[in-house]
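Which chain is which? The protein sequence lines are A and B, in order. Each step along the first sequence adds one to the number in numbering that gives the first Met the number 0, with nothing skipped, and position 171 is 170. Each step along the second sequence adds one to the number in numbering that gives the first Met the number 0, with nothing skipped, and position 22 is 21. The beta-carbon is built from N, C-alpha and C at its ideal position, and this holds for glycine as well. Heads up: the structure comes next, in structure tokens.
Number of protein chains: 2
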Amino acid sequence: MKGKATSFDIAHYAGVSQSTVSRALRNSHLVNEETRKRVFDIAKKLNYKVDKNASNLRTQQSSTLALLLFEDPTSDESQINPFFLAMLGSITRACAKEGYDLLVSFQSASADWQADYEDSHRADGIILLGYGDYIDYQPKFNTLLEQNTKFVCWGATVDNRPDLTVCCDNYGGGKLAAEHFIAHSRTDCAFIGDASDHSPEFFSRFQGFKDELWANNVKINERKMANAISTEESGYHATRSLIANNIKFNALFAASDLIAIGAIRALKEANINVPKDVAVVGFDNIAIASYVNPPLTTIEQNTTIAGQMLVENLLKLIRGEEVQSTLLPPVLISRKSSS
Amino acid sequence: MKGKATSFDIAHYAGVSQSTVSRALRNSHLVNEETRKRVFDIAKKLNYKVDKNASNLRTQQSSTLALLLFEDPTSDESQINPFFLAMLGSITRACAKEGYDLLVSFQSASADWQADYEDSHRADGIILLGYGDYIDYQPKFNTLLEQNTKFVCWGATVDNRPDLTVCCDNYGGGKLAAEHFIAHSRTDCAFIGDASDHSPEFFSRFQGFKDELWANNVKINERKMANAISTEESGYHATRSLIANNIKFNALFAASDLIAIGAIRALKEANINVPKDVAVVGFDNIAIASYVNPPLTTIEQNTTIAGQMLVENLLKLIRGEEVQSTLLPPVLISRKSSS
DNA sequence: TGACATTATGACACCGGTGTCAGGAATTTA
DNA sequence: TAAATTCCTGACACCGGTGTCATAATGTCA
């Protein structure tokens with residue numbers, strides 16, 4: 000036998016029609032038990048596998064989800080952000096658990112991605128993963144909505160459709176960081192990240208942080224803030240510039256762990272002790288966080304649950320079920336960098 | 000317009016036959032330039048996308064590669080090994096670069112995975128990623144070979160087909176570790192990993208290590224070896240048991256970084272200073288390695304190149320081109336844990 | 001025994017493209 | 001002007017399944 004076996008081959012050997020083979024293999028009750036068994040045996044012997052293209056074409060569905068990864072174009076090209084990598088892993092796992100395959104693809108935010116996968120019938124739905132940037136995305140979200148494409152996204156919000164978003168309670172996470180500093184009497188706070196609303200996640204984290212400080216009558220000085228994107232390098236340079244400007248603080252909240260790790264490097268270089276002189280809190284709880292020196296206190300985003308929720312919610316949308324808005328509770332993981 | 004647009008819809012609006020639409024969209028030179036343009040415009044307006052299921056079915060290829068991730072069943076279920084995660088990232092990137100999609104799926108080594116993806120025409124080829132275990136895999140490799148399935152694998156070797164394997168020169172890497180210890184006059188060496196040939200990669204690393212020591216008239220004492228799988232926990236416990244048995248050494252080669260990190264934790268707990276009392280060298284150079292305390296000296300496997308090679312070699316196989324056996328050179332990254 | 005329900009099967013259209021072949025129109029050559 | 005060539009297009013079979021419908025065979029009940 001050359002080439003792949005088809006259901007016609009099985010039909011031939013089993014002495015039945017191709018229709019019957021198809022039914023038998025899908026365990027239709029319309030098929031005689033004995034026939035079914037014969038068909039199964041032959042299928043096994045011929046190493047037959049249903050051609051997914053043919054079956055998907057006919058049934059108009061694919062048992063596949065597509066994951067579109069948007070990268071921060073300004074970050075180092077060679078390494079994927081470990082947080083996204085962890086999400087990638089947990090989404091892969093969640094899909095496997097649900098019996099779906101996962102089609103992974105990198106996208107740049109500007110490209111014409113909005114339709115490809117679901118429109119070309121390669122996937123039943125799409126998961127969007129990246130740092131949310133409202134400005135670019137909304138028109139594309141609208142295109143997706145118009146076409147009735149099923150999708151969910153991490154982080155970024157979609158106008159009037161909170162059910163399409165799964166994200167961490169960034170605002171609440173920021174508050175946790177502030178509470179932590181206040182509990183440790185560290186009230187001279189610095190913030191490193193992006194406090195503009197260009198980066199909605201960082202913005203929310205900062206807002207929560209600021210508001211909680213404010214609720215405790217602590218104000219954050221604008222000079223003690225520096226912009227950074229989510230890389231170690233960027234955190235390092237932002238912190239260096241604060242130090243270079245002779246700005247003092249005894250607590251530092253970084254909008255992500257990578258930033259925090261870079262910040263700690265800069266502080267060490269300047270002979271500033273962590274946590275004695277400056278307590279540092281990050282955000283994400285990436286795997287590295289517990290191994291750095293000192294181990295990093297951080298606000299955890301549970302990637303395992305996040306991945307599961309994205310997949311579950313998307314499957315609900317595909318099945319036409321109602322989906323709740325999903326805000327994941329952040330948890331403060333206390334380690335040595337802040338005490 | 001409800002539902003997705005098909006080429007017939009375009010044909011209708013453009014006043015041409017569906018055949019012509021299909022040709023026009025694929026830039027066949029057989030189509031009049033003006034017609035082509037009209038078709039393109041209408042396609043764009045209708046947000047038309049070629050149905051991949053239909054086109055794959057007809058052409059019998061999919062522009063998709065499948066990645067099968069085999070997990071060490073004994074490792075912690077919740078976290079993916081960071082080395083594999085890095086590979087996943089780089090393979091995703093490499094696929095994107097080549098214009099292929101990537102279908103990712105977790106597999107358990109024992110399952111009936113050997114055919115599913117390529118046989119069901121979902122992918123043109125398969126990348127196998129996991130810790131090589133000859134015993135289980137070889138019969139499955141044979142099935143794949145019989146069926147003329149295109150595949151490449153990381154690590155594990157396939158009988159008589161070196162071209163199907165991409166892996167790091169584990170033996171050479173082990174030698175590098177030994178050279179390093181000798182250069183630093185640390186000749187009382189311990190090894191943690193699996194020195195049996197059950198785990199071929201660890202075995203090769205150990206062989207290289209042992210042979211190079213031997214070449215310098217240093218013997219490794221069998222009592223100074225402990226088994227471990229590639230997790231931090233396992234490395235920790237293995238090292239603890241050595242310490243508990245009062246075994247002394249001033250250098251430790253761990254078969255992977257996770258093991259090394261666990262080992263360092265055990266050493267620290269026993270008040271053994273790294274690197275003063277014991278120099279530690281790991282293997283992989285995972286992202287965490289540079290952040291642990293002390294930063295870990297390790298033998299790097301370049302995951303970016305590895306991912307690229309896997310994808311490139313697989314594409315060559317698919318195109319029927321000749322493939323060379325691919326051994327990636329390991330590089331020693333010297334950090335503080337060993338000096 | 002005839003009417004009717006049940007079970008098991010085959011024939012066939014269909015999903016949405018791609019590739020082959022035939023042929024008309026326009027252009028060139030004899 | 002007829003023949004040959006080139007260019008462009010439509011008709012149609014085909015990829016390998018799935019779902020519907022018709023029907024033969026068997027069993028059930030009055």
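Start and end of the alpha helix (DSSP H) containing B/Gln17?
Gln17 to Leu24
Rank A/Thr5, A/Glu32 and A/Gly14 by C-alpha distance to the C-alpha of A/Leu339 and give the top, closest one.
The requested residue 339 of chain A does not occur in the structure, where chain A is confined to residues 0 to 338.
Reduced DSSP secondary structure (H/G/I, E/B, other) of B/Glu299
strand
With burial defined as no fewer than 16 other Cβ atoms inside 10 Å of the residue's Cβ, what is the status of B/Thr58: buried or exposed?
exposed
According to DSSP, simplified to helix, strand and coil, what is B/Pro72?
Annotation note: pLDDT 49 at B/Pro72 (below 50); position unreliable, coordinate value reported separately. Note: B/Pro72 maps to coil in three-state DSSP.
Just the Cα atoms here: how many angstroms apart are B/Phe140 and B/Val280?
34 Å
Within the same chain, show all residues whose beta-carbon is closer than 7 Å to that of B/Ile332, passing over the 5 residues directly before and after it, in chain order.
Asn284, Thr296, Thr297 and Glu299
Can you check DSSP and say which residues form a bridge with A/Phe150?
A/Ile125
If we require 3 or more residues per run, which beta strand (DSSP E) segments fall completely within the region 169–211 of chain A?
188–192
With a threshold of 8 Å on Cβ separation, who are the neighbours of B/Val334 within its own chain once the five nearest residues in sequence on each side are excluded?
The residue you asked about is not Val; residue 334 of chain B is Arg in the sequence shown. Closer than 8 Å at Cβ, skipping near neighbours: Ala288, Ser289, Pro293, Pro294, Leu295, Thr296 and Thr297.
Between A/Asp75 and B/Thr302, what straight-line distance do the alpha-carbon atoms span, to the nearest angstrom?
Its pLDDT being 46, under 50, A/Asp75 is placed unreliably in this model, and the value from its coordinates should be taken loosely. A/Asp75 and B/Thr302: Cα-Cα distance of roughly 15 Å.
Hey, is A/His11's beta-carbon within less than 7 Å of any beta-carbon in chain B?
no
At a CB-CB cut-off below 7 Å, which residues of chain B make contact with A/Ile287?
Ala286, Ile287 and Tyr290
Local conformation of A/Asp100 per DSSP, three classes
strand
I'd like to check one pair, B/Arg22 with B/Thr30: are the Cβ atoms closer than 7 Å?
Checking the sequence, you will find Val at residue 30 of chain B rather than Thr. Cβ distance < 7 Å, so B/Val30 and B/Arg22 count as in contact.
Residue environment, B/His197, which counts as buried when at least 16 other CB atoms sit within 10 Å:
exposed
How about B/Ser74: is its C-beta nearer than 7 Å to some C-beta of chain A?
For B/Ser74, the predicted model reports a pLDDT of 43, less than 50, meaning its position is unreliable; a value from the coordinates is still stated below. No, no contact with chain A.
Exposure label - A/Gln307; buried when at least 16 CB within 10 Å:
buried
Any idea what DSSP makes of A/Asp115, helix, strand or coil?
helix
Would you decide whether A/Arg318 is buried or exposed? Buried here means 16 or more other CB atoms lie within 10 Å of its CB.
exposed
If you draw a straight line from the alpha carbon of B/Ser324 to that of B/Lys315, how long is it in whole angstroms?
12 Å
Please check if any C-beta of chain A sits within less than 7 Å of the C-beta of B/Lys275.
no
Is any beta-carbon of chain B found at less than 7 Å from that of A/Asp118?
yes
Rounded separation between A/Leu87 and A/Leu102 - CA only
11 Å
What does B/Glu91 reach in chain A if we use C-beta pairs closer than 9 Å?
Looking at the sequence shown, residue 91 of chain B is not Glu but Thr. Correct list: Leu68, Ile79, Leu87, Val103, Ser104 and Phe105.
Can you name the residues of chain B whose CB is closer than 8 Å to the CB of A/Asp50?
Leu56, Ser119 and His120
What does a CB cutoff of less than 6 Å around B/Val20 pick up in its chain, not counting 5 residues either side in sequence?
Ser6, Ile9, Ala10 and Val38
Starting from the Cα of A/Phe282, find the closest Cα among A/Phe252, A/Leu266 and A/Glu145 and give me that residue.
A/Phe252
Is the Cβ-Cβ distance between A/Ile233 and A/Ser255 less than 7 Å?
Correcting the residue identity first, residue 233 of chain A is Ser in this sequence and not Ile. No, the Cβ-Cβ distance between A/Ser233 and A/Ser255 is not below 7 Å.
For B/Thr58, the residue or residues it bridges with in DSSP:
In the DSSP output, where bridge partners are listed per residue, B/Thr58 has none listed.
Kindly list, in the order they appear in chain B, the residues whose Cβ is closer than 8 Å to that of A/Asn46.
Ala114, Asp118, Thr142 and Gln146
Mind listing the chain B neighbours of A/Ile345? Cutoff is C-beta to C-beta under 8 Å, in chain order.
Outside the modelled stretch of chain A, which goes from 0 to 338, sits residue 345 of chain A, for which no answer is possible.
State yes or no: is the beta carbon of B/Leu84 nearer than 7 Å to at least one beta carbon in chain A?
yes
Can a CB atom of chain A be found closer than 7 Å to the CB of B/Asp40?
no
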